[in-house]
Amino acid sequence: MKKKIFITSKVYDTKKMLDEEITALVQVDLDTLIGKGRVEFEVNTTETEIELTFRRGIDYSDDRLQKKLIIDADAYMICGIGLNGFKPPVMWYEPPFGYTYFFDQAEFEKCYKRSATKLGANRVKDLILDVRKDALVMKLKWG
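All residue numbers for the sequence shown refer to our numbering, where the first residue is 8 and numbers rise by one.
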């Protein structure tokens, strides 16, 4: 599957770049945004989907995992919010005062899809988030 995908403030073209190249460039951005050694990134392209894996040490409670919530830090990491002043064109509601917060994964998915399209990525049909204690895996599918 060859598509343009939005990851950490940029759009990457999988027709022109190998998974390893995208992985290396996104890793540099994540190291700049979050700090070296805090997140390990990998992209894997197959015939039917593109899988983005962010290995990080955010400890979600089982209750929050079951309720299909995402923490702001994960959402910021995926989108690259703050990297060179970047903010996605379609943003979810952020509570005032700068506190860490959880919100519905469905809201994140809606904002991510709309932002990706506005930034020049291919329109995503399905976005599946698999939030775990050790990693966040985002699968993108087109139809």
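Backbone N, C-alpha and C fix where the C-beta goes; we use that ideal spot for every residue, glycine too.
Check	Outcome
Sort 24, 141, 118 by Cα distance to residue 130 and report the nearest one.	118
Over what stretch of residues does the beta strand (DSSP E) that includes residue 142 continue unbroken?	142-148
I'd like the list of long-range same chain contacts for residue 18, defined as Cβ closer than 8 Å, with 5 residues on each side in sequence excluded.	11, 12, 123, 126, 127, 128
Under 6 Å Cβ to Cβ from residue 133, same chain only, skipping five residues before and after it: list those, please.	148
Three or more beta-carbon pairs under 8 Å between the stretch 99-114 and the stretch 21-33, yes or no?	no
Ignore the nearest five residues each way along the sequence and tell me which others in residue 94's own chain have a CB closer than 7 Å to its CB.	88
Taking just the CA atoms, how far does residue 74 sit from residue 21?	33 Å
If contacts are defined as beta-carbon pairs under 8 Å, then residue 54 and residue 8 qualify, I think. What distance do you get, rounded to the angstrom?	6 Å
Residue 88 by DSSP, collapsed to three states: which one?	coil
Could you pull out every unbroken alpha helix (DSSP H) segment of at least 4 residues lying fully inside the stretch 20-95, listed in chain order?	26-41, 69-73, 79-86
Where does residue 145 land, buried or exposed, given buried means 16+ other C-beta within 10 angstroms?	buried
Would you say residue 121 and residue 97 are within 8 Å of each other, going by their C-beta atoms?	yes
Could you tell me the distance, in whole angstroms, from the CA atom of residue 102 to the CA atom of residue 79?	11 Å
Among residues of its own chain, excluding the 5 on either side of residue 63, which ones have a beta-carbon nearer than 6 Å to its beta-carbon?	46
How would you label residue 69, buried or exposed, when you count the other beta carbons within 10 angstroms and need 16 or more for buried?	exposed
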